[in-house]
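The numbers in the sequence shown follow UniProt numbering, run straight up by one, and end at 262. Take a look at the structure below.
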Amino acid sequence: MTAGDFVVVTRGEPHVIYSDRRTKPLPIPDLDRLPGRLGVVRHGGNAQPLSTMICGNFTVERPSRGSVLELLPPLLLLKPTEDDGWLEAILQRMVSESALARPGQDVALSRLTEVLFVEVLRSWIKSLNSGEGGWLGAMADPHIGPALQLIHERPDQPWTLGDLGHSVGLGRSAFSARFTKLVGQPMYRYLIARRMSEAAFLLETTDEGIARIATRVGYETAAAFSKLFHRHHGLSPGRYRAVRRSDGGRRQEDILEVEVAD
């Protein structure tokens, strides 16, 4: 890492930042933080080089299989020379925003953090070779990208290889082979996973009946939906809803934190 680098620890895993392997790293609480600006961390000065980090994090309350964070490597590093100047501009804005307490400060900093993460995703996707990055990398493909968007927007539709292939200008066989190569799994398996993810979200966030949710994700009968849901999530839809509601929708192992530092 050098000055201006942007790092994302995508799964919130324990990590150490140090300048010399022979030096014992300091615990985070021992580093200086400016009053009211806990995200700005400083260390050194006087006889030592001064290091300044801007740190932040956010959580994903309902990560699902195949989610964005699951596709990312454990650590992402972005160099300021690769970003056309947007990184420095956003970080400077975050520093100035955190300098004084003003109405809407928390909202502004939260949105700036989200923009940072979106830009990191864009940079990472741009660096991928064909077939890398799962469905997220495949979104950049002129044929598979639009097909994925259709699946995401309308999981209730009875999509077939022929239907999706025709909608994006490919024959059934060509579309099937291209989808599997770029996404990393066959189209039907991916479609089921997206439907089960959407169903889990609806069970957690709405009071809709099981039959209604089954229809919304593309199944004619609640029995067929429930059987597939149990196979995918390990719980029946009713039990899944009860468990998620009982723990407030947040299991400790489901909370993924992203820590960013410049």
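Glycine is no exception: its CB is placed at the ideal position from the N, C-alpha and C atoms.
With a CB to CB cut of under 6 Å and the five nearest residues on each side skipped, what residues in its chain are close to residue 263?
As shown, the chain starts at 1 and ends at 262. That puts residue 263 outside it, with no answer to give.
For R11 versus L69, is the C-beta distance shorter than 8 Å?
yes
CB contact flag (R216, D163, <8 Å):
no
Identify every residue that forms a DSSP beta bridge with G45.
Q48
Limits of the unbroken beta strand (DSSP E) element including L75
75 to 78
Apply the 10 Å Cβ neighbour rule to R194 and answer buried if 16 or more other Cβ atoms are within range, or exposed otherwise.
Buried: at least 16 other Cβ atoms inside 10 Å.
Contacts around L202, its chain only, beta-carbon distance under 8 Å, and the 5 residues preceding and following it disregarded:
E208, I213, R216, V217
Where do the ends of the alpha helix (DSSP H) carrying V243 lie?
Run containing V243: 237 to 246, per the alpha helix (DSSP H) assignment.
What are the boundary residues of the beta strand (DSSP E) that V115 is part of?
That residue, V115, is in no beta strand (DSSP E); its alpha helix (DSSP H) goes 105 to 127.
Can you tell me the Cα-Cα spacing of L182 and H166, whole angstroms?
18 Å
Hey, would you say V7 sits closer than 8 Å to L50, going by beta carbons?
Cβ distance not < 8 Å, so V7 and L50 don't count as in contact.
Answer with buried or exposed for A199, where buried requires no fewer than 16 other C-beta atoms within 10 angstroms of its C-beta.
It counts as buried.
Please tell me whether S98 and G39 are closer than 8 Å, where the distance is taken between their beta carbons.
yes
Under 7 Å from any heavy atom of the ligand GDP, does the C-beta of A223 make it?
The ligand GDP is absent from the structure shown, which contains no ligands of any kind.
Mind the definition here: the region 174 to 190 touches the region 116 to 125 only if three or more C-beta pairs lie below 8 Å; say whether that holds.
no
CB contact flag (L71, L136, <8 Å)
Contact check for L71 against L136 passes: the beta carbons are separated by less than 8 Å.
Tell me, which residues are paired with G184 by DSSP?
DSSP lists no partner for G184.
Looking at the secondary structure, which residues open and close the alpha helix (DSSP H) in which Q149 lies?
144 to 153
Suppose the cutoff is 6 Å on Cβ atoms and the five residues either side in sequence are ignored; what does the same chain contact list for G134 look like?
L71, G184
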